[in-house]
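Asks:
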Amino acid sequence: MLDTIKDFLDYGFINNITGNNTDLQGNNNASPKDGVQWRGNRSSGSNGQCNGNGNRGSTGGGAFGLGLYGGGGDGSEGGGCNGTEGPAAAGPDQLEGPGSIENDSIHLKRRVGLISGVALIVGTMIGSGIFVSPSGLLLRTGSIGMSFVIWMACGLLSLLGALSYAELGTMNTSSGAEYAYFMDAFGAPPAFLFSWASTLVLKPSQMAIICLSFGKYAVEAFVTQCEPPEIVVKMVALLAIVVILYVNCYSVNLATSVQNVFTAAKLVAVLIVIIGGAYKISEGNTQHLRQPFKNTQYSIGNIATAFYTGLWAYDGWNNLNYVTEEIKNPSRNLPRSIVIGIPLVTVCYALINISYLTVMSPMEMQTSEAVAVTFGNRLLGVMAWLMPLSVTISTFGSANGTLFAAGRLCFAASREGHLLDILSYVHIRRYTPAPGLIFHSIIAGAMVLYGTIDSLIDFFSFTAWIFYGGSMVALIVMRHTKPNYPRPYKVPIIIPYMVLLISIYLIIGPIIDKPTIEYLYAALFILGGMIFYVPFVHYKLRVPFMDGITVFLQMLFEVAPTSNMFE
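Numbering of the sequence shown is given in the UniProt record's numbering, commencing with residue 1 and proceeding in unit increments.
1. Can you list, in chain order, the stretches of the alpha helix (DSSP H) that have 4 or more residues and sit fully within the stretch 201-233?
2. Please report the straight-line C-alpha distance between Val559 and Val242, rounded to a whole angstrom.
3. If I measure Cβ to Cβ from Ala255 and keep anything under 7 Å in the same chain, skipping five residues before and after, which residues do I get?
4. Among the residues of its own chain, which have a CB less than 8 Å from the CB of Glu230, if the five just before and after it don't count?
5. Are the stretch 351-359 and the stretch 257-277 touching by the rule of at least three beta carbon pairs closer than 8 Å?
6. Quick check on Val559: does DSSP put it in helix, strand or coil?
7. Going by other Cβ atoms of all chains shown within 10 Å of its Cβ, with 16 needed for buried, is Gly48 buried or exposed?
8. Could you check whether Lys216 and Pro204 sit closer than 8 Å to each other, using their CB atoms as the reference points?
9. How is Val371 classed by DSSP in three states: helix, strand or coil?
10. Assuming Asn260 is part of the alpha helix (DSSP H), what are its boundary residues?
11. Under 8 Å between the Cβ atoms of Lys328 and Val112?
12. Are the stretch 146-156 and the stretch 336-352 touching, with three or more C-beta to C-beta distances below 8 Å?
13. Quick one: grab the DSSP three-state call for His418.
14. Would the beta-carbon of Asn321 fall within 8 Å of that of Ala188?
15. Does DSSP classify Val149 as helix, strand or coil?
16. Assuming Gln291 and Gly142 form a contact by the criterion Cβ under 8 Å, report the distance between their Cβ atoms to the nearest whole angstrom.
17. Bridge partners for Ile130 per DSSP, in chain order?
18. Does DSSP put Val112 in a helix, in a strand, or in coil?
19. Could you tell me if Tyr181 is buried or exposed, where buried requires 16 or more neighbouring beta carbons within 10 angstroms of its beta carbon?
20. Touching or not, the stretch 122-134 and the stretch 279-291, by the rule of three or more beta carbon pairs under 8 Å?
21. Could you say which of Met360, Ile428, Val339, Lys490 lies nearest to Ala119 if we only look at CA atoms?
22. Are the stretch 425-434 and the stretch 460-476 in contact at 8 Å, needing three or more beta carbon pairs?
23. Candidates Ser471, Pro515, Lys514, Phe396: which alpha carbon is nearest Val236's?
24. Between Val219 and Val232, is the Cβ-Cβ spacing less than 8 Å?
25. Give the range of the alpha helix (DSSP H) segment to which Tyr349 is assigned.
26. Once you ignore the five residues that flank Gly145 on each side, which residues in its own chain have a CB closer than 6 Å to its CB?
27. What first and last residue would you give for the alpha helix (DSSP H) that runs through Trp317?
28. How far does the alpha helix (DSSP H) with Met530 in it extend, from its first residue to its last?
29. To the nearest whole angstrom, what separates the beta carbons of Phe439 and Leu423, a pair I think is in contact under 8 Å?
30. Taking the alpha-carbon of Pro433 as reference, which of Arg332, Met171, Gly407 has the nearest alpha-carbon?
31. Find the nearest neighbour of Pro388 within the set Gly376, Val382, Gly381, judged by alpha-carbon distance.
32. With a threshold of 16 other CB atoms inside 10 Å of the CB of Phe545, please say whether the residue is buried or exposed.
33. CA-CA distance, Pro335 and Ile115?
34. Mind the definition here: the stretch 183-199 touches the stretch 467-476 only if three or more C-beta pairs lie below 8 Å; say whether that holds.
35. Tell me the rounded alpha-carbon separation between Ala306 and Pro362.
36. Count the other CB atoms, across all protein chains shown, that sit within 10 Å of the CB of Gly123; report buried if there are 16 or more and exposed otherwise.
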């Protein structure tokens, strides 16, 4: 294979092929659907004369037989210049034998229905947050009453934001969520800055936080007498990333099935907490629910950072927008999934918080590092191990949904030329954006090794709400610049204005109250993306050796550009 790559590079055929997939002399066109397009200068047989005028030519066929499927001598075995139908012929340097790809274009398939959409939202939102965040939120608000208000406000804000995203997602059904909306409303530079920040920081840090939580609770299920060793927690977190990566690369159906199963399992865990709380209330354990607003802290900064803590537990409400290209009937299923999923999560969170307070005092909740584990120890007795196991299941499902969405962001941004070309390629048989998934997993793995949960959450929330607010601006702008654009779902205009004002408060509030250097780092990192945008995107500067790396990775991962990249 390496000799083939060398020959390919020596002949200098590293050029982007265009839409018609023409032969070397441009005599005959072959539809892009006839094979997998490769980054060669010719994609018919090795003679470069013709791919066939028959009913079906040979499949694929990169320069010198580099195509994964097809190629071959003079085209006679694949249909010939005037043949009818014939099997794809294997070229001498071809990676695999007879062609087995259907006469179909390479693109993401619509396999996410209403149930899977709800499961993706619920499964991603209910992760580690509700099991660890209550202590931090209570610490920042000072009272159970104010913390409960913020929990409900976070749910309402998530619903309003998601409804706004539903309009954006039904207007533009391309994958990528904020990236696609920024492209429509503002053009390339803001969209690039989002893809830059989200690809390198937001999505990987989100997955790292969730997988670190997974590792911690998975180890705690077996190590109950002491604090879990940090190195063991990190190794388990890395193992989770590898397993989730395999699931998402293997099949979209497998990834959504895993999401559905783990969502059902985590709802069972939530029911254990809720039923346990109801049992305690029936016994009269309501003393901690009296005087709910005692000791409330009304600091602007504290309330804003309390929102950060609560919103972390709700984050994932926009994940379905990242996969709109794969949703069946998105104009119907996207808003329905949102309206079902987010209120369901909000109700669960409210009942879980009440349940915690039936067995713990506010002070005990503030000092507990894992509220759910403390709850399980006091309520379940010898079955207390069920709680860390339940949290482990919950976080695994959340991490699966996070990576599922993150890979589509890479795919969408790369397809527009804003990231490395290879990140927009799709596996030729699995139809999954494998390079984007692998890229995100590598960065998340590095963050697992060198980061901590606490150091990542505030940084993530501050940066995320900059772009959530930007999406509201995009919706408002397009109401004026594209008033006649089809909108299968249209949100009342007051809603994006409300979400925008709240996002401004969440961004500015902590800076005014307690300015820290981390917020400056976040802002500088986002703006620093322009250093790469100007030469590599605006002026399209090409690094010479990158084409060779792209070809190598393309053959290594068995991936190809999607058909609409050639249209």
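Note that beta-carbon positions come from the ideal geometry of N, C-alpha and C, so glycine has one too. Computed from a predicted model, the values in this text were never measured in an experiment.
Replies: According to the structure data:
1. Runs of the alpha helix (DSSP H) inside the stretch 201-233: 203-220.
2. 19 Å
3. Val247, Asn248, Asn400, Phe404
4. none
5. yes
6. strand
7. Caution applies to Gly48, whose pLDDT of 38 falls short of 50 and renders its modelled position unreliable; the value that the coordinates give is listed next. Residue burial is scored here from C-beta neighbours: Gly48 has at least 16 other C-beta atoms within 10 angstroms and is therefore classed as buried.
8. For Pro204 and Lys216, no; Cβs fall outside 8 Å.
9. The DSSP-derived three-state label of Val371 is helix.
10. 252-282
11. yes
12. At 8 Å Cβ cutoff, the stretches touch.
13. coil
14. no
15. helix
16. The Cβ separation is near 12 Å, so there is no contact.
17. For Ile130, which the question treats as bridged, DSSP gives no partner whatsoever.
18. strand
19. Buried, by the Cβ-count rule.
20. no
21. Val339
22. No, because fewer than three Cβ pairs between the stretch 425-434 and the stretch 460-476 fall closer than 8 Å, the two stretches do not touch.
23. Phe396
24. yes
25. 330-357
26. Pro292, Phe293
27. For Trp317, no alpha helix (DSSP H) encloses it, and the DSSP letter there is neither H nor E.
28. 530-533
29. Taking the Cβ atoms as the reference, Phe439 lies roughly 6 Å from Leu423, within the contact range of under 8 Å.
30. Considering only alpha carbons, the answer is Gly407.
31. Ranking Gly376, Val382, Gly381 by Cα distance to Pro388 puts Gly376 first.
32. exposed
33. 13 Å
34. yes
35. 15 Å
36. buried
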